[in-house]
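A.B. asks:
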Amino acid sequence: MSLGILLALSFAFCVAFGLLLPGATMYQAWLPLLPGVSWISWPSFLLGLVETFAYGWYIAVIFVPAWNFFASRAIA
-5 MSLGILLALS FAFCVAFGLL LPGATMYQAW LPLLPGVSWI SWPSFLLGLV ETFAYGWYIA
55 VIFVPAWNFF ASRAIA
């Protein structure tokens, strides 16, 4: 949950930064990673929040069990 929230907040921060400094063009880095997201509209922003939150969950589902598996082997 925390990783999903962190990624969603990071996305929102990047959007706000891009709106404040339009010459920075940070959004071009994450547009290929977020299918369906374009620069910028409310539906696109909400879709980006949902996708980044889902990516956080996906990463956690993959890496937490792997971490627990290898950490238990290192202790034993």
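Per the numbering used here, residue -5 is the first one in the sequence shown, and the count goes up by one each step.
All residues carry an ideal CB built from backbone N, CA and C; glycine is no exception.
Closest to Gly(-2) by C-alpha separation, out of Asn62, Val55, Pro16, Ala68, would be which residue?
C.D. replies: As a position in the sequence shown, residue -2 is number 4, starting the count at 1. Out of Asn62, Val55, Pro16, Ala68, Val55 has the C-alpha closest to the C-alpha of Gly(-2).
A.B. asks: Determine the direct distance from the alpha carbon of Ala68 to that of Pro16, and round the result to whole angstroms.
C.D. replies: Numbered from 1 along the sequence shown, position 22 holds the residue referred to as residue 16. Numbered from 1 along the sequence shown, position 74 holds the residue referred to as residue 68. One C-alpha to the other measures close to 48 Å.
A.B. asks: Do the region 11 to 27 and the region 58 to 66 meet, that is, are 3 or more Cβ pairs less than 8 Å apart?
C.D. replies: no
A.B. asks: Would DSSP call Ile34 helix, strand or coil?
C.D. replies: Taking the first residue of the sequence shown as position 1, residue 34 is located at position 40. Note: Ile34 maps to coil in three-state DSSP.
A.B. asks: Between the C-alpha atoms of Val44 and Phe5, what's the straight-line distance to the nearest angstrom?
C.D. replies: Working through the sequence shown from its first residue, we reach residue 44 at position 50. Working through the sequence shown from its first residue, we reach residue 5 at position 11. Cα to Cα, Val44 sits roughly 10 Å from Phe5.
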